[in-house]
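Report on the following structure.
In my numbering, the protein residues as written are 44 to 478.
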């Protein structure tokens, strides 16, 4: 975070200024300040527990504040928890200021929408089901504010196109925050009931249990990522000529999958497929992988076993799903002349057809020890030429559309200086072996 671009820092300062502007009416606001203090302390405590024991941010208290308090007063509730939270990286003042301002704006937006739709009166009167409508609108406003602000900081700090930065953020956050919104509404209704704030706090117990389950899912997902990283690092150590190739094939596979309109879970699986497509090289002798000259027919047959080795390695990893088929079949060709089984056309799994295009594209646009990289337009022209015989035309077209939107940065993966690398060799029309 020390290297945060100046424009991102300026963006954070603008968001902080926006949050301060929302707090300007506080002197004229008539609010139960004891409730503001209690909710702020409760949120700070829940946030500490959530971050240390679970994962993510605990929103029910913030949304309960949006349902109970005037918007400027509700915007105060997240400030202590955000400003005094633990920071792992970067300048603490920048991260804490960003988080505090972001949450204050989101709570203020939710409170404004809830107040404007008469939600406060519905909460006081326990008027169901009408109370659900303003609460739902407030949750949508809360999600939208977080999405817009998060997308903006991603675009500025990571140099990401806005469309890509915002892609999927709103939909991914809507379900979990919606559940938190229901818990926040229950807290608000009980708070205003004859049972008072103590009863409202009981709502946090089942939410804590559900949050623990959610945290377990995140831990499992993190374990999956660690498994994949370990396998990829092993391949990169063994085959230094193609270091970084696996990650780029995963990225290209994800771009193709998104362009084809696949859902997020399948896009993630295809990213795994691209990353792990060459894991079978762990079973190939290192001298063959690092050989500078042409391969003999016998050596080629040995290297052509790597898809089967890879499938054996990942066969027992259940979360990979159809990625296992891509590892096994990514060197098949539509005309049936590929390997290891010579599958024809639609017999080749769709995941393998995606990875085949991504693999060939990165192989052509990356400099290796035995040839220079091709320019992206030349690589795309070669893919088009081979579409229908070697590659699925749909996958080739999807990659071209994705590259037109987001571009591509080919990388030098060989250890040798680029000026010592021989000129590019043509991509063979017969089934070849990427090393």
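Just so it is clear, CB atoms sit at the ideal spot from N, CA and C, and this is done for glycine as well.
Selected residue, minimal CA-CA separation from residue i, among the options
| i | options | result |
| --- | --- | --- |
| residue 354 | 347, 217, 368 and 364 | 368 |
| residue 108 | 80, 135 and 47 | 80 |
| residue 443 | 425, 126 and 326 | 425 |
| residue 123 | 106, 115, 143 and 134 | 143 |
| residue 362 | 266, 87 and 89 | 266 |
| residue 377 | 370, 259 and 386 | 386 |
| residue 89 | 104, 55 and 196 | 104 |
| residue 127 | 117, 53, 134 and 139 | 139 |
| residue 91 | 372, 415 and 130 | 130 |
| residue 77 | 338, 116, 141 and 303 | 116 |
Which residues DSSP lists as bridging residue i, in chain order
| i | result |
| --- | --- |
| residue 430 | 434 |
Residue i, buried or exposed, once every other Cβ within 10 Å from all chains shown has been counted against 16
| i | result |
| --- | --- |
| residue 456 | At residue 456, the pLDDT of 42 sits below 50, so the modelled position is not reliable and the matter cannot be decided from this model. |
| residue 329 | exposed |
| residue 366 | buried |
| residue 163 | buried |
| residue 157 | buried |
| residue 394 | buried |
| residue 390 | exposed |
| residue 51 | buried |
| residue 146 | buried |
| residue 238 | exposed |
| residue 307 | exposed |
| residue 374 | buried |
| residue 68 | exposed |
| residue 201 | exposed |
| residue 57 | exposed |
| residue 409 | buried |
| residue 73 | exposed |
| residue 171 | exposed |
| residue 60 | exposed |
N-terminal and C-terminal residue of the alpha helix (DSSP H) that residue i is part of
| i | result |
| --- | --- |
| residue 311 | 307-319 |
| residue 390 | Premise fails: residue 390 is in no alpha helix (DSSP H) and is neither H nor E. |
| residue 375 | Per DSSP, residue 375 belongs to no alpha helix (DSSP H) and is neither H nor E. |
| residue 356 | 349-357 |
| residue 140 | 135-159 |
| residue 288 | 288-302 |
| residue 345 | 340-346 |
| residue 216 | 212-235 |
| residue 167 | 162-167 |
| residue 206 | 205-209 |
| residue 185 | 175-200 |
| residue 239 | 239-244 |
| residue 118 | Element bounds for residue 118: n/a, residue is neither H nor E. |
| residue 103 | 103-111 |
| residue 53 | 49-66 |
| residue 330 | 329-332 |
Test item: CB-CB of residue i and residue j under 8 Å
| i | j | result |
| --- | --- | --- |
| residue 148 | residue 65 | yes |
| residue 178 | residue 110 | yes |
| residue 42 | residue 83 | Nothing about residue 42 can be reported from this structure: the residues present for the chain run from 44 to 478 only. |
| residue 322 | residue 346 | no |
| residue 319 | residue 281 | no |
| residue 436 | residue 430 | yes |
| residue 451 | residue 419 | yes |
| residue 174 | residue 165 | yes |
| residue 309 | residue 316 | no |
| residue 190 | residue 212 | yes |
| residue 402 | residue 292 | yes |
| residue 243 | residue 233 | yes |
| residue 405 | residue 231 | no |
| residue 370 | residue 325 | no |
| residue 55 | residue 137 | yes |
| residue 441 | residue 302 | yes |
| residue 224 | residue 112 | no |
Check: residue i C-beta below 7 Å from any heavy atom of the ligand GTP
| i | result |
| --- | --- |
| residue 135 | Although the ligand GTP was asked about, the structure shown includes no ligands whatsoever. |
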